[in-house]
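Protein chains: 2
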Amino acid sequence: MKLSEKQSQIIFRVNERLDRLFENDSPELLRESMKYSVKAGGKRLRPVLNILAAELFTDDTEENLDIACAIEMIHTYSLIHDDLPALDNDSLRRGKLTNHMVYGEAQAILAGDGLLSFAFEVMLDNAMRHKGNLEREMRAIKTIANAAGVEGMVAGQVMDVSLENTSYGYDTLSYIHTHKTADMIVGALLSGALLHTDDEEALRALRTYGEHLGHTFQIIDDILDITAGEELGKSRGKDVMEGKITYPSLFGIVKSFEMAKERTKKAIEALSVFGDKACYLKEIAEIMLNRSL
Amino acid sequence: MKLSEKQSQIIFRVNERLDRLFENDSPELLRESMKYSVKAGGKRLRPVLNILAAELFTDDTEENLDIACAIEMIHTYSLIHDDLPALDNDSLRRGKLTNHMVYGEAQAILAGDGLLSFAFEVMLDNAMRHKGNLEREMRAIKTIANAAGVEGMVAGQVMDVSLENTSYGYDTLSYIHTHKTADMIVGALLSGALLHTDDEEALRALRTYGEHLGHTFQIIDDILDITAGEELGKSRGKDVMEGKITYPSLFGIVKSFEMAKERTKKAIEALSVFGDKACYLKEIAEIMLNRSL
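Chains as they are written, first to last, in this note's numbering: chain A, 823 to 1115; chain B, 823 to 1115.
Now the structure itself:
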């Protein structure tokens, strides 16, 4: 099966499950506003990585599906809050109006709070339905909580926001991207595997892959902000206009792309312990490097 | 031991544990802003209820302490976000400047996100340290997640915010208070007990007690907004000025107090299954009714 077909299969399953999960008794306005942003997503990178990591160890990833959806909810909450006027003040995301432009600021804050809370509700429900695997379930959920938490994604956000309009070097840029972007990518991969394995070597390999993939994602994002056209779906050249520290602003475009290439190589090398089974993850790393959107 | 002494003991343990939990590797600004609001709290009602509920079944509540702290973090996150300019736009809370007045709006949003995330990190860590009791740990954490979640506290918030400046009746007012206030009080009680018991009758009794206590808390809050002096630590008469629907606006002060009295009676009756062991919880219900602050 080609990667594109594989991805489509996973995305179909994730979207279907997301629809079912949102059939709940929350107030309609809350449900609609949460769904609006969750449905605005396209690539479902983190759920795809979660399922592909699980498939390194099992053919049956049914138990992963709710966790994959919860990861997408956490990712979406972070985007909604990041887009708020007090933070990045973005009116477009993936070519669509951001949550607060449609539902207002108060509701957008609550939609984000709702998605973060609901993600844990969904994961804990799933764990209770798999009591025979409770310890691994817990480890997986804890991994995601830490990735999203105060030494993870929120830490990256705080540094990014608080250092706006200041000058800083590579260490700080790397800290921000490690936590803001790479942590949740690593969390998605590890939690996918953790339901099915305790093999520390395999987990270490996935962590290394995820870290390099996360940074590559961010480097290419920074480059595309300069080079891409309007099809990016968000305001082009925003980083430059705002004087933001980025890979290109520190190293230039050519060197930045070299760094992404080097990281992609290391990401793929880390997967060697899995042999051919990791072909999809390898291909994703290559596509990440060469993406134009 | 008198209730006041008992409460002081619990509050001391909770505050000490909170201090220890905040010794983590999150960015200093995030840590400081989270601690600022957590430390602005005084009564620690929810942690106290959590520990007292546990003490109905055990003498050793050490396993409850992190969960009690996590509940206080979730409560605090909800206050920080509720105070934001886009929501209630409050500049004072318990007589101190609200989070966004000190740290700015962006940081206040992230401090709230951080506290909600950290609460789950703390509870999941605690569960992993008590693997022999994992299923009960999970049930307790899930109870809190649901109480705080999209059919719980966030649902109450969304209805409260979205119905601002509209007219509605008792059913809607009751929905808002059930979810915005009572759910987390019930969650604190149930999760305290759930680590130590599966007795459904006892759990039902605590739920009934918590629901009535939560509504009483809110009725008295509404009354105090009209009658209390500046010592309330927030802007007095705010509800009236904003034309907010409250118990007194629907029923008048005298009838509202009667409703609170009736609920207090039912709360105390529910505790009868526990006999004298529930004396502290009974006294809290009485104090809740007769508080002037």
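No residue lacks a Cβ here, since even glycine has one placed at the ideal position from N, Cα and C. Because the structure is a prediction, the values reported are computed rather than measured.
Nearest-angstrom Cα separation, counted from residue j out to residue i
| i | j | result |
| --- | --- | --- |
| L867 of chain B | M1006 of chain B | 11 Å |
| A969 of chain B | A1082 of chain A | 44 Å |
| D829 of chain B | G1074 of chain B | The sequence shown places Gln at residue 829 of chain B, not Asp. Spanning the two alpha carbons is a distance of roughly 33 Å. |
| E894 of chain B | E1080 of chain A | 47 Å |
| I889 of chain B | N948 of chain B | 8 Å |
| V1008 of chain B | Q929 of chain B | 30 Å |
| H952 of chain A | K857 of chain A | 26 Å |
| L1011 of chain A | E877 of chain A | 11 Å |
| R1085 of chain B | E1091 of chain B | 10 Å |
| G863 of chain A | L937 of chain A | 14 Å |
| Y925 of chain A | H903 of chain A | 13 Å |
| E885 of chain A | N846 of chain A | 20 Å |
| R961 of chain B | G954 of chain B | 14 Å |
| F834 of chain A | E854 of chain A | 20 Å |
| T898 of chain B | L874 of chain B | 20 Å |
| A1024 of chain A | E827 of chain B | 53 Å |
| K1060 of chain A | S1071 of chain A | 13 Å |
| N1097 of chain B | K964 of chain A | It should be pointed out that residue 1097 of chain B corresponds to Gly in this sequence rather than to Asn. In a straight line, the C-alpha of G1097 of chain B is about 39 Å away from that of K964 of chain A. |
| E957 of chain A | L946 of chain A | 12 Å |
| R916 of chain A | I931 of chain B | 23 Å |
| N1118 of chain A | L901 of chain B | Given that chain A is displayed from residue 823 to residue 1115, the structure contains no residue 1118 of chain A and the question cannot be resolved. |
| L852 of chain A | N837 of chain A | 19 Å |
| S989 of chain A | L995 of chain A | 10 Å |
| F940 of chain A | G934 of chain A | 10 Å |
| V870 of chain B | L825 of chain B | 11 Å |
| T920 of chain A | E1105 of chain B | 49 Å |
| M973 of chain B | A967 of chain A | Note that residue 973 of chain B is Glu in the sequence shown, not Met. Straight-line Cα distance between these residues: approximately 21 Å. |
| T1049 of chain B | K1077 of chain B | 15 Å |
| T1030 of chain A | M950 of chain B | 25 Å |
| R839 of chain A | A1027 of chain A | 29 Å |
| P849 of chain A | M975 of chain B | 11 Å |
| V860 of chain A | R1113 of chain A | 22 Å |
| A1089 of chain B | N987 of chain B | 32 Å |
| A1015 of chain B | V944 of chain B | 18 Å |
| H922 of chain A | P907 of chain B | 14 Å |
Per DSSP, the bridge partner or partners of residue i
| i | result |
| --- | --- |
| L914 of chain A | A:L919 |
The segment 1075-1102 of chain B: positions lying closer than 7 Å to chain A by Cβ: none
Segment contact flag, the segment 1038-1050 of chain A with the segment 1012-1020 of chain A, C-beta cutoff 8 Å, min 3 pairs: no
Complete beta strand (DSSP E) runs within the segment 1009-1092 of chain B (minimum length 3 residues, chain order): Correct list: empty.
Sequence ranges, alpha helix (DSSP H) only - wholly within the segment 938-991 of chain A, length at least 4: Here the runs fully enclosed are 956-970, 975-984.
Selection of the segment 894-909 of chain A by Cβ proximity to chain B, strictly under 7 Å: Answer in chain order: H903, L906, A908, L909.
Three CB pairs or more closer than 8 Å across the segment 901-921 of chain A and the segment 1030-1037 of chain A: no
Sufficient close CB pairs (3 or more, under 8 Å) joining the segment 962-979 of chain B to the segment 989-1001 of chain B: Counting C-beta pairs closer than 8 Å gives three or more between the segment 962-979 of chain B and the segment 989-1001 of chain B, which meets the contact rule.
Contact set between the segment 948-974 of chain B and chain A, restricted to residues whose Cβ is under 7 Å from the partner: From the segment 948-974 of chain B, only A949, M950, K953, L956, E957, M960, I963, K964, A967, N968, A970, G971, V972, E973 have a Cβ closer than 7 Å to chain A.
Three-pair Cβ contact test at 8 Å for the segment 1092-1109 of chain A versus the segment 1062-1070 of chain A: no
The segment 978-1010 of chain B: positions lying closer than 8 Å to chain A by Cβ: Q979, V980, M981, V983, S984
Within 7 Å of chain B by C-beta, residues of the segment 831-851 of chain A in sequence order: N846, D847, S848, P849, L851
Against chain B: residues of the segment 919-930 of chain A by CB proximity under 9 Å: H922, G926, E927, A928, Q929, A930
Within 7 Å of chain B by C-beta, residues of the segment 934-946 of chain A in sequence order: D935, G936, L938, S939, F940, F942, E943, L946
Within 7 Å of chain B by C-beta, residues of the segment 857-890 of chain A in sequence order: Listed by position along the chain: nothing, the set is empty.
Contained alpha helix (DSSP H) runs [length at least 4] in the segment 876-907 of chain B, N- to C-terminal order: 887-905
Minimum length 4: unbroken alpha helix (DSSP H) runs contained in the segment 836-871 of chain B: 850-861
Under 7 Å (Cβ pairs) to chain A, residues found in the segment 1012-1027 of chain B: none
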